[in-house]
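The structure appears below as structure tokens.
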Amino acid sequence: DEPTGNLDLVSREKILDFLFNKSQEYKKTLIIATHDPFILDRVDRIIQLSKGKR
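Below you can see the structure in the form of structure tokens.
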């Protein structure tokens, strides 16, 4: 939940690089809950929830 919420841009990118690299390395799905629109450019799939519904 919000892994990069309060980070500066450089730190945010480092954390995201780490998470996405580990996800690929171990062939595991990465699920991120965020309000950060900049992360959307880096993901394969987006599921948007509103009031608990898709």
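Position 36 of the sequence shown, counted from 1, bears residue number 37 in this note's numbering, the numbering being contiguous throughout. Ideal placement from N, C-alpha and C gives every residue a C-beta, glycine not left out. This structure is a prediction, so every number in the text was calculated from the model and none was measured.
Rounded Cβ spacing between residue i and residue j (contact assumed at less than 8 Å)
i: Arg-43; j: Leu-8; result: In fact, because the Cβ distance is near 15 Å, the residues do not count as touching under 8 Å.
Residues near residue i by beta carbon distance below 7 Å, same chain, minus five either side
i: Arg-13; result: Thr-5
i: Ile-48; result: Arg-55
i: Asn-22; result: none
i: Leu-41; result: Ile-47
i: Leu-20; result: Pro-4 and Leu-31
Beta-carbon proximity list for residue i, same chain, < 8 Å, skipping 5 on both sides
i: Ala-30; result: One point to set straight first is that residue 30 is Thr, not Ala, in the sequence displayed. Cβ neighbours of Thr-30 beyond the five flanking positions: Ser-24.
Cross-strand partners of residue i (DSSP beta bridge)
i: Lys-51; result: Before going further, note that residue 51 is Ser rather than Lys in the sequence given. For Ser-51, which the question treats as bridged, DSSP gives the partners Lys-54.
Distance cut-off 7 Å: residue i Cβ against heavy atoms of the ligand GTP
i: Lys-29; result: This structure does not include the ligand GTP; it has no bound ligands of any sort.
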